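A.B. asks:
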Amino acid sequence: MKQSPKSKTKFKLDKGLLVRIHDLMVKTRMLEERLVRMYKLNDGYFWIGGPGEEAFNIPLGLQIKKGEGKDYDYLHLKYRSSGVLLTMGADPMDTIRQMKNTATDPYSCGRSFVNHQSIRSWNVIPITSPIGVEFATSIGTGLSQRRHGGEGITIVVGGDAGTAEGEFASTLIWAARPGFELPMLIIVTNNNWGISTTAASQHGEKWISDRGKAFGMRTLTINGNDVEESYFAIKESMEYVRTERKPVLLEALVSRLYGHSSASGANFISDEEDPLVTFETNLERAGVLGREEMNAIREKYFAEMLELSKKVREEPMPDPSAIYDYTYFGQKGRYW
Amino acid sequence: MANMAQAIRMALHYGETNLGVTDVFGEDVGPPLGGVFTVTQGLKTAWNSPLDERGIIGAAIGLALAGDRCVAEIQFCDYIFNTIDLLKLAGLQCWISNGQWNVPMTVMTPVGSGIRGSIYHSHSFDATMTHIPGWKIVMPSTPIDAYGLMISCLKDPNPTMFLKPKALLRVRGKEQIPGEPPLTPEGEKMLKEMIDAPLGDRSKWQPRWPEELSDFTVKIGSARLACEGKDITVVSYGRTLPLCEQAAYKLHDEEGLSIEVLDLRSLWPYDWEMISESIRKTRRVLFVNEDTEVTNFGEHLLRRVVEDEELFYCLEARPRLLAGAFVPGIGLADPIEMASVPQLTSILKTIREVLADKA
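Those protein sequences? They're chains S and R, same order as listed.
Numbering that gives the first Met the number 0 applies: residue 0 is where the first sequence begins, and numbers increase by one.
Numbering that gives the first Met the number 0 applies: residue 0 is where the second sequence begins, and numbers increase by one.
(1) Can you tell which of Met3(R), Met0(R), Met9(R), Ala4(R) has the C-alpha that lies nearest to the C-alpha of Pro206(R)?
(2) Does Leu142(S) have its Cβ less than 8 Å from a Cβ in chain R?
(3) Assign Trp134(R) to one of three DSSP states: helix, strand, or coil.
(4) Please report how far the alpha carbon of Val83(S) lies from the alpha carbon of Asn97(R), in whole angstroms.
(5) Quick check on Ile124(S) - is its C-beta less than 8 Å from some C-beta in chain R?
(6) Can you say whether Val293(R) is buried or exposed, counting buried as having 16 or more other CB atoms within 10 angstroms of its CB?
(7) Answer yes or no: does any C-beta atom of chain S fall closer than 8 Å to that of Arg53(R)?
(8) Taking 8 Å as the CB-CB cut-off, is Gly139(S) touching chain R?
(9) What are the boundary residues of the beta strand (DSSP E) that includes Asp290(R)?
(10) Apart from the five residues just before and just after Leu343(R), which ones in its own chain have a Cβ nearer than 7 Å to its Cβ?
(11) Any idea what DSSP makes of Val187(S), helix, strand or coil?
(12) Within the 8 Å Cβ cut-off, does Ile172(S) reach chain R?
(13) Beta-carbon of Ala45(R) versus every beta-carbon of chain S: anything under 8 Å?
(14) Using a Cβ cut-off of 7 Å, pull out every chain R residue sitting near Tyr73(S), in sequence order please.
(15) Spell out the partners DSSP gives Lys188(R) in its beta bridges.
(16) At the level of alpha carbons, what is the spacing between Ile95(R) and Pro129(S)?
(17) For Glu52(R), I'd like the list of residues in its chain whose CB is within less than 7 Å of its CB, leaving aside the five on either flank, ordered along the chain.
(18) Can you pull the chain S neighbours of Thr49(R), defined as C-beta to C-beta under 8 Å?
(19) Given a cut-off of 8 Å on the beta-carbon distance, is the pair Asn189(S) and Leu256(S) in contact?
(20) Leaving out five residues before and five after Met37(S) in sequence, what residues of the same chain have Cβ atoms less than 6 Å from its Cβ?
(21) Answer with buried or exposed for Gln40(R), where buried requires no fewer than 16 other C-beta atoms within 10 angstroms of its C-beta.
(22) Please list the partners that Cys93(R) has in chain S, where partner means a Cβ-to-Cβ separation under 8 Å.
(23) Using three-state DSSP, classify His12(R) as helix, strand or coil.
(24) For Leu182(R) versus Ile231(R), is the C-beta distance shorter than 8 Å?
(25) Would Arg169(R) be called buried (16 or more neighbouring beta carbons within 10 Å of its own) or exposed?
(26) Residues of the stretch 269-281 of chain S in Cβ contact with chain R at a cutoff of 7 Å, in chain order, please.
(27) CA-CA distance, Glu306(R) and Gly297(R)?
(28) On the criterion of 16 or more Cβ atoms from any shown chain inside 10 Å, does Ile236(R) qualify as buried, or is it exposed?
(29) Would you kindly work out how many angstroms separate the C-alpha atoms of Ser137(S) and Ala355(R), rounded to a whole number?
(30) Taking the runs of the beta strand (DSSP E) that are 3 residues or longer, which of them lie wholly in the stretch 144-184 of chain S?
(31) Measure the C-alpha to C-alpha separation of Leu224(R) and Ser277(R) and round it to an integer number of angstroms.
(32) Would you please verify whether the beta carbon of Pro177(R) is less than 8 Å from any beta carbon of chain S?
(33) Who are Lys212(S)'s beta bridge partners in DSSP?
(34) Pull up the distance between the alpha-carbon of Phe10(S) and that of Arg19(S), whole angstroms please.
(35) Span of the alpha helix (DSSP H) holding Arg223(R)?
(36) Name the DSSP bridge partner or partners of Leu74(S)?
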């Protein structure tokens with residue numbers, strides 16, 4: 000179902016924004032590729048991430064209403080969402096810390112896999128490994144924001160394979176209860192894979208977004224490897240959800256450039272479209288950025304991430320005595 | 000003379016009026032039914048959800064993460080098993096985020112046998128639930144404890160599980176809940192007229208809540224000395240607790256035995272101090288509950304007893320557990336149900352066995 004790379008010589012977005020998006024895409028890619036290298040250098044037990052989703056994730060991150068509480072967007076993300084968080088201003092060092100499971104990992108203090116971020120001050124709900132559960136919890140923040148009003152919305156992101164889980168159906172049902180519709184942007188990034196299983200072998204529906212039509216909700220399927228298509232689809236969808244307080248189901252077709260995770264080797268997949276290559280080709284054609292400039296950006300972030308990955312080796316590992324901490328709110332030390 | 004269903008209902012009303020409860024929801028929880036056991040009748044924040052247990056628990060987690068205070072009901076605990084990973088998720092949010100997030104939600108669900116509910120309306124959940132860290136778990140056996148424990152749950156910043164022993168939901172209390180009408184037949188009738196929805200058309204019905212309901216709490220983690228004695232300690236909770244009390248009275252009256260009965264009422268955390276002090280006094284102990292006997296919560300308590308050097312060496316008899324048979328479910332026929340979970344006769348028999356045991 001994937002679409003061919005779009006060749007462009009003109010953009011609708013202004014140059015400054017295009018340059019910024021490119022910068023963030025490269026930064027995200029360099030971070031993810033550093034994480035892969037860290038795994039291969041035994042500087043982390045496991046890698047999972049989102050290289051291949053940058054053309055969608057950066058436009059998403061740019062348009063999030065960031066903050067804590069109901070007036071801001073609640074984010075139920077997944078482990079391929081690093082581009083969203085870097086765009087929002089997350090420090091790449093913190094993700095590297097989580098990769099290395101150090102005590103300085105601000106997201107989980109060495110307890111969780113990399114790209115399982117948690118940032119309460121930005122409404123980023125702890126990212127989980129089991130797929131689909133983010134759909135279930137998103138119902139609750141959606142309910143809360145429906146009652147609260149304002150412009151804050153709930154954004155939930157899952158993958159195509161995860162839509163086979165019951166929670167996806169739950170979200171569609173709960174978000175579309177007559178008279179109680181929820182202000183939710185329900186996103187499915189469709190990379191066509193569930194670990195090693197193709198979507199085509201498991202999904203009879205033409206588009207996953209079609210499932211939303213049965214609930215009367217606005218739906219769309221877009222080329223998530225196209226920066227501008229992603230940007231404007233997210234913009235339009237967010238405006239609708241923010242003002243109408245009703246759900247949208249947005250399916251974005253994206254790539255998965257390093258396979259599922261380190262469990263499947265974490266090697267570059269050359270027959271997938273690389274959205275960064277596509278974007279850079281078009282930026283060059285449109286005269287927005289030159290090849291040398293883009294190479295320099297890549298080299299800058301490559302060096303930066305390399306430096307961070309060296310620096311993290313000096314940081315402390317968690318203290319074994321802390322294993323019980325925060326089993327309960329505010330509690331430290333063994334609690335029984 | 001509120002029954003347990005009324006007591007919980009009054010606590011929830013107090014919660015939505017004074018403690019910031021925003022949502023009481025689940026299948027058939029809102030009007031017109033107000034819960035299959037009438038626990039949520041008349042509550043202004045009660046509403047009906049889709050028939051979707053995973054959606055209910057997921058919604059509760061999300062509401063709590065957004066800072067709202069909700070009470071979610073799973074209609075029978077027999078239907079909560081497909082939410083186990085979400086219960087686990089609720090219990091780990093604080094830990095996995097290194098203390099950033101907390102999940103102030105309460106889940107309540109009827110548990111246990113006693114209404115001839117067959118395989119899917121009789122299961123227990125205490126053994127499974129006590130395997131999930133990060134939760135506080137309570138299970139009252141009296142209306143006043145149900146009220147006080149619910150108030151405590153509604154104030155707690157952590158996920159709390161309120162297990163309702165369904166066989167006791169209609170049993171009336173002997174202690175007055177602060178604010179309820181007097182414990183007289185007239186008071187009982189008055190309360191019923193005030194807060195029980197009428198049969199038939201309820202569309203115009205509004206409850207009249209007792210005005211003096213209070214912040215009465217039972218601290219989570221505190222057991223109750225249900226019956227003082229010196230010959231043996233019997234630790235129980237939920238449906239089997241009144242049976243243990245009956246056994247204690249019967250053995251006292253007929254055989255002159257002195258049985259100490261502790262109502263655990265809070266399974267996690269639990270009142271180890273009261274349990275251990277009682278065992279040091281009586282030197283014999285029996286744990287009683289109706290969940291299935293293999294990897295039963297009572298086995299954990301037994302382990303604590305035998306691993307505690309002082310307690311173990313003070314015992315004058317083997318510590319015992321009386322629990323439900325390890326079968327897939329409670330069968331419907333009366334003899335099957337009676338044989339599947341502890342009854343007065345089996346409790347009496349086991350107490351006598353422990354008392355007869357020579358260390």
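Glycine included, C-beta positions come from ideal geometry on N, C-alpha and C.
A quick note: this is a predicted structure, and the numbers were derived from the prediction, not measured.
C.D. replies: This is what the structure holds:
(1) Met9(R)
(2) yes
(3) coil
(4) Looking at the two C-alpha atoms, the distance is approximately 22 Å.
(5) yes
(6) exposed
(7) yes
(8) yes
(9) Looking at the DSSP string, the run of the beta strand (DSSP E) that includes Asp290(R) is 284-291.
(10) Leu242, Gln245, Ala246
(11) Strand, per DSSP.
(12) yes
(13) no
(14) Ala65
(15) According to DSSP, which records beta bridges pairwise, Lys188(R) is partnered with nothing at all.
(16) In a straight line, the C-alpha of Ile95(R) is about 14 Å away from that of Pro129(S).
(17) Ile73, Tyr78, Ile79, Asn81, Thr82
(18) Sequence check: residue 49(R) is Pro here, not Thr. Going along chain S in sequence order, the residues near Pro49(R) (Cβ under 8 Å) are Ser169, Ile172, Trp173, Arg176.
(19) When the beta-carbon positions are compared, Asn189(S) and Leu256(S) stay at least 8 Å from each other.
(20) Gly43, Met98, Ser308
(21) buried
(22) Those within 8 Å of Cys93(R) in chain S are Tyr325, Thr326, Tyr327, Phe328.
(23) helix
(24) Taking 8 Å as the Cβ cut-off, Leu182(R) and Ile231(R) do not qualify as a contacting pair.
(25) exposed
(26) Cβ contacts with chain R come from no residue of the stretch 269-281 of chain S.
(27) 14 Å
(28) The sequence as given places Tyr at residue 236(R); Ile does not occur at that position. Counting Cβ neighbours within 10 Å, Tyr236(R) comes out buried, since at least 16 surround it.
(29) 57 Å
(30) 153-158
(31) C-alpha separation (whole angstroms): 10 Å.
(32) No, its Cβ sits nowhere closer than 8 Å to a Cβ of chain S.
(33) DSSP lists no partner for Lys212(S).
(34) 14 Å
(35) Note, Arg223(R): premise wrong, no alpha helix (DSSP H); beta strand (DSSP E) at 223-226.
(36) Val123(S), Ile154(S)
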